[in-house]
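*Asks:*
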Amino acid sequence: MNNKHNKISHTLACITLTMFTFIATGCVTDMNTPKAIKRADFGQVRSNLYDKLPEKRSNRNYLLDRSRVGVITLADGYPESAGFVFEDVYDFLRTQGINDDRTVASAVVLEDIQIWKGDPFEQALTILYYGMQQATIGSWDNARAASQNSLFYLQDFSADPESPPLDTESIAARSLAYEDALARGEDPDEALKSFDGQSLGYTARESNFTLGYLLGGIANQQLGRPEEAADNFNNAIVYNEKVRPIVNQLNTQPYNTVLVVAYGLGPEKIAYGPDRVLAKYTPRTASDTLPLRVSTQNPSFKGSNAPTTLYPVAHDVNRMASEHIWNATENFRLAKSLAGDILIAGGLIAAHIGDNQDDSETIYAGIASVAAGVLTKISARADTRYNDFFPQRYYLVPLYLTDSQTDITLEIKDKPWTRITLRNLTPPDTNQAQFRYVSLVPTRTADNLPPTWAINPPVYTTDFSTDTNTVALPYILGGTDVRTPTDKNIADYPYDLASKLRDFYNAENIKTARQDQRGYSHAHILEGGSSLVSPIPGTTGYNRLFNQTHQPYNPKSQLLKKYLKAQQPTPEQEDNQ
7 MNNKHNKISH TLACITLTMF TFIATGCVTD MNTPKAIKRA DFGQVRSNLY DKLPEKRSNR
67 NYLLDRSRVG VITLADGYPE SAGFVFEDVY DFLRTQGIND DRTVASAVVL EDIQIWKGDP
127 FEQALTILYY GMQQATIGSW DNARAASQNS LFYLQDFSAD PESPPLDTES IAARSLAYED
187 ALARGEDPDE ALKSFDGQSL GYTARESNFT LGYLLGGIAN QQLGRPEEAA DNFNNAIVYN
247 EKVRPIVNQL NTQPYNTVLV VAYGLGPEKI AYGPDRVLAK YTPRTASDTL PLRVSTQNPS
307 FKGSNAPTTL YPVAHDVNRM ASEHIWNATE NFRLAKSLAG DILIAGGLIA AHIGDNQDDS
367 ETIYAGIASV AAGVLTKISA RADTRYNDFF PQRYYLVPLY LTDSQTDITL EIKDKPWTRI
427 TLRNLTPPDT NQAQFRYVSL VPTRTADNLP PTWAINPPVY TTDFSTDTNT VALPYILGGT
487 DVRTPTDKNI ADYPYDLASK LRDFYNAENI KTARQDQRGY SHAHILEGGS SLVSPIPGTT
547 GYNRLFNQTH QPYNPKSQLL KKYLKAQQPT PEQEDNQ
């Protein structure tokens with residue numbers, strides 16, 4: 007019998023050791039940010055990720071994957087496609103997991119699966135991205151609504167404003183103790199004064215999301231709501247005094263174009279602490295206060311120096327992620343970890359007693375308790391999923407464009423690799439301002455210089471080109487024209503070619519409209535894709551796609567191959583040349 011119990015005890019020890027090893031070394035979510043993103047090369051990445059989007063809302067990454075795709079699709083210059091992705095995310099975030107006091111939860115449980123919603127700061131950013139997408143397509147009423155929804159109330163656990171800021175561990179422990187007191191039917195504030203002498207509940211406080219207030223103010227201005235605009239702008243200044251010059255410009259100077267300029271890689275979420283139940287964000291791109299240098303110039307004015315204006319950092323995501331009011335509380339995971347400790351301790355005691363009393367049932371009950379406890383602790387591990395496509399900072403730039411030939415150059419001071427010159431962005435044809443989201447190259451280049459596509463003039467003729475006096479052959483025929491085959495564009499070609507071009511595109515399975523791609527514009531034919539839909543000017547994607555030379559088109563259909571072969575000169579023609 008002793009040998010039997012020794013084997014059981016040995017088994018118990020092995021199970022415990024193995025599971026604790028798993029706790030200590032268990033996997034942590036690795037977001038594996040694609041290297042192309044660090045070069046602002048979004049095309050193939052977004053298209054590939056879109057094709058892999060989970061279809062069921064019960065998938066734990068349903069919202070995360072869509073949020074990631076939406077961010078880089080907007081950066082790549084496809085606002086309608088970004089909206090196709092963001093609408094579902096926005097609807098989910100504004101209706102699911104909202105507490106009675108207008109604060110938010112970091113996850114929603116559907117069909118017993120914890121669906122990622124992101125920490126509060128990620129939710130605010132995601133909602134605002136939908137607002138920026140709506141502003142880009144000229145829907146300022148929806149942009150206003152999204153901006154307002156991004157300003158949800160926050161859970162502030164700092165009872166005394168004079169006290170030092172609370173760290174994550176303190177908040178988690180206090181929150182857990184607070185909820186335990188409520189569960190026991192006690193007055194939580196009275197019951198928990200013995201915990202650290204302070205009230206342990208949170209206060210629902212107003213958001214300090216500066217960028218949300220700024221976009222809300224602009225949207226209200228565009229909709230003729232000056233009082234609401236003023237309220238938003240005032241709040242932006244209250245929470246970030248450095249944006250005062252931007253607000254002054256918005257209030258006193260005319261503008262018809264608004265740029266939100268993003269830079270860097272947002273912070274990374276990592277697990278730490280006992281059983282790794284706590285999470286924190288660590289910077290991937292360091293914060294600083296370097297301003298954005300902005301100049302506008304008509305390139306036809308040779309030799310003149312364009313005036314330069316400096317714009318401050320409007321919002322720092324590193325700082326946002328480090329504030330406890332923008333992070334989800336850890337009480338649930340901490341409670342599960344503590345419950346696991348109790349199960350393990352109780353199981354070990356029961357197994358030991360059973361071993362001493364030669365009681366197999368008690369031993370097996372102890373083993374089961376230990377196993378349940380360890381599994382509980384494993385499930386309490388921090389969720390380190392995060393949107394790794396968010397930038398580290400944002401700038402906001404109001405401009406007044408009057409010339410269709412205006413070049414807009416952006417560059418962060420002392421970061422020469424961030425330089426980009428936006429072309430073909432014409433003044434809006436309505437009374438409302440136009441909006442663009444611009445993503446600067448997020449990481450330092452080897453030579454500290456910007457990629458050539460960021461500063462070179464366009465190589466290809468697009469639907470947005472301002473100079474189409476000289477018409478080249480379509481790209482699929484060896485030229486540099488990538489305009490869609492509208493009646494107006496086709497009229498520029500010789501008749502024999504114009505009558506065949508649409509047939510060529512159909513034979514090559516090239517999609518010329520977003521609607522032909524089930525709502526989402528996939529990778530462009532210039533980068534090996536099947537779409538002819540152009541990103542809009544004034545975006546990083548427009549520059550990257552059209553301001554550099556790509557590989558010649560590789561025909562796939564017999565129809566196009568036969569036509570191209572017929573266009574090649576015969577030996578006699580070559581001899582006569």
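Heads up, the sequence shown is in this note's numbering, so the first residue is 7 and it goes up one at a time.
A virtual CB, placed ideally from N, CA and C, is assigned to each residue, including glycine.
(1) Quick check: does the Cβ of Tyr559 come within less than 7 Å of any heavy atom belonging to the ligand NAD?
(2) Three or more C-beta pairs closer than 8 Å, one from the stretch 224-231 and one from the stretch 287-297: is that the case here?
(3) So, with DSSP's three-state summary, where would you put Val488?
(4) Hey, how far is the Cα of Thr451 from the Cα of Lys571?
(5) Relative to the C-alpha of Glu533, which candidate in Asp522, Thr39, Pro558 and Arg74 has its C-alpha closest?
(6) Which residues in the same chain have their Cβ closer than 6 Å to the Cβ of Leu39, if we skip the five residues on either side of it in sequence?
(7) Expressed to the nearest angstrom, what Euclidean distance is found between the alpha-carbon atoms of Gly270 and Thr258?
(8) Let me make sure I understand the geometry here. Which of Ile516, Gly484 and Ser471 has the alpha-carbon closest to that of Asn495?
(9) Here's the rule: buried if 16 or more other CB atoms are within 10 angstroms of the residue's CB, otherwise exposed. What is Tyr56?
(10) Assuming Glu417 is part of the alpha helix (DSSP H), what are its boundary residues?
(11) Determine, using beta carbons only, whether Ser540 and Ile531 come nearer to each other than 8 Å.
(12) May I have the straight-line CA-CA distance separating Ala478 from Lys58, to the nearest angstrom?
(13) Comparing C-alpha positions only, which one of Tyr68, Ala151, Asn155 and Gln140 sits nearest to Trp122?
(14) Are the beta-carbon atoms belonging to Met138 and Leu70 less than 8 Å from one another?
(15) Closest by CA to Ala439, which one among Ala149, Gly76 and Pro126?
(16) Considering Cα atoms alone, identify which of Ala130, Thr142, Gln140 and Ser145 is closest to Leu160.
(17) Quick check on DSSP: helix, strand or coil for Asp322?
(18) Check each candidate in Phe396, Ala236, Tyr499 and Glu192 and name the one with the smallest Cα separation from Tyr287.
(19) Can you check which of these residues, Lys41, Lys44 and Arg66, is closest to Asp389 by C-alpha distance?
(20) Where Asn515 and Lys568 are concerned, what is the direct C-alpha to C-alpha distance, given to the nearest angstrom?
(21) Suppose you measure from the CA of Pro575 to the CA of Leu483; what does that come to, to the nearest Å?
(22) Would the beta-carbon of Leu265 fall within 8 Å of that of Ala242?
(23) What residues match up with Gln161 in a beta bridge as DSSP calls it?
(24) Determine the DSSP secondary structure at Leu284, reduced to helix, strand or coil.
(25) Of all the options Glu274, Gln411, Tyr261 and Leu217, which has the alpha carbon lying nearest to the alpha carbon of Val319?
(26) Looking at the strands, I want to know which residues DSSP matches up with Tyr317.
(27) Find out if the Cβ-Cβ distance for the pair Thr314, Leu405 is shorter than 8 Å.
(28) Count the CB pairs spanning the stretch 325-333 and the stretch 427-447 that are closer than 8 Å, and state whether there are at least three.
(29) Considering only residues of the same chain and omitting the five flanking positions on each side of Asn214, which have a CB-CB separation below 7 Å?
(30) If I follow the unbroken alpha helix (DSSP H) through Pro232, where does it start and stop?
(31) For a quick check, are the C-beta atoms of Thr467 and Arg442 less than 8 Å apart?
(32) When you compare only the Cα positions, how much space is there between Thr142 and Arg391?
(33) Going along the chain, which residues of its own chain have a beta-carbon closer than 8 Å to the beta-carbon of Asp487, five neighbours each way excluded?
(34) Taking the alpha helix (DSSP H) that Ser153 belongs to, which residues open and close that run?
(35) Any chance you could list the beta strand (DSSP E) runs of at least 3 consecutive residues sitting entirely within the stretch 401-484, in chain order?
(36) Between Thr408 and Pro433, what straight-line distance do the alpha-carbon atoms span, to the nearest angstrom?
*Replies:* In terms of the structure at hand:
(1) Ligands in the displayed structure: none, and consequently the ligand NAD is not present.
(2) At 8 Å Cβ cutoff, the stretches do not touch.
(3) If DSSP states are grouped into helix, strand and coil, Val488 belongs with coil.
(4) Looking at the two C-alpha atoms, the distance is approximately 42 Å.
(5) Of Asp522, Thr39, Pro558 and Arg74, the residue nearest in Cα terms is Pro558.
(6) The identity of residue 39 in the sequence shown is Thr, whereas the question assumes Leu. The residues are Asp394.
(7) Rounded to the nearest angstrom, the two C-alpha atoms are 31 Å apart.
(8) Relative to Asn495, the option among Ile516, Gly484 and Ser471 whose CA is nearest is Ser471.
(9) Under this definition Tyr56 is a buried residue.
(10) For Glu417, no alpha helix (DSSP H) run applies; the uninterrupted beta strand (DSSP E) run containing it begins and ends at Asp413 to Ile418, by DSSP.
(11) No; because the gap between Cβ atoms is not below 8 Å, this pair is not in contact.
(12) Those two C-alpha atoms are separated by around 37 Å.
(13) Relative to the Cα of Trp122, the nearest Cα in the group Tyr68, Ala151, Asn155 and Gln140 belongs to Tyr68.
(14) No, the pair does not count as a contact, with Cβ atoms beyond the cut-off.
(15) Relative to Ala439, the option among Ala149, Gly76 and Pro126 whose CA is nearest is Ala149.
(16) Checked all of Ala130, Thr142, Gln140 and Ser145; the closest Cα to Leu160 is Ala130.
(17) Residue state, collapsed to three classes: strand.
(18) For Tyr287, the closest C-alpha among the options Phe396, Ala236, Tyr499 and Glu192 is that of Phe396.
(19) It is Arg66 whose Cα lies nearest to the Cα of Asp389.
(20) Going from the Cα of Asn515 to the Cα of Lys568 covers about 16 Å.
(21) When the Cα atoms are used, Pro575 and Leu483 turn out to be separated by approximately 15 Å.
(22) In this structure, Ala242 does not lie closer than 8 Å to Leu265 by Cβ.
(23) For Gln161, which the question treats as bridged, DSSP gives the partners Ala210.
(24) In the structure shown, the three-state DSSP call for Leu284 is strand.
(25) Selected option, being the one with the closest Cα: Leu217.
(26) Answer is Leu298.
(27) One thing to note: Thr314 has its Cβ no nearer than 8 Å to the Cβ of Leu405.
(28) These segments do not touch.
(29) Excluding positions up to five away in sequence, the list reads Tyr245.
(30) Pro232 to Tyr245 is the span of the alpha helix (DSSP H), which, as asked, contains Pro232.
(31) In this structure, Thr467 sits away from Arg442, with a CB-CB distance that is not shorter than 8 Å.
(32) Between the alpha carbons of Thr142 and Arg391 lies a distance of about 28 Å.
(33) Answer for Asp487: Tyr466, Thr467, Val477, Ala478, Leu479, Pro480 and Tyr481, listed in chain order.
(34) Per DSSP, Ser153 belongs to the alpha helix (DSSP H) from Trp146 to Asn155.
(35) If we require 3 residues or more, the beta strand (DSSP E) runs fully inside the stretch 401-484 come out as 413-418, 426-428 and 440-445.
(36) The alpha-carbon of Thr408 is positioned some 6 Å away from that of Pro433.
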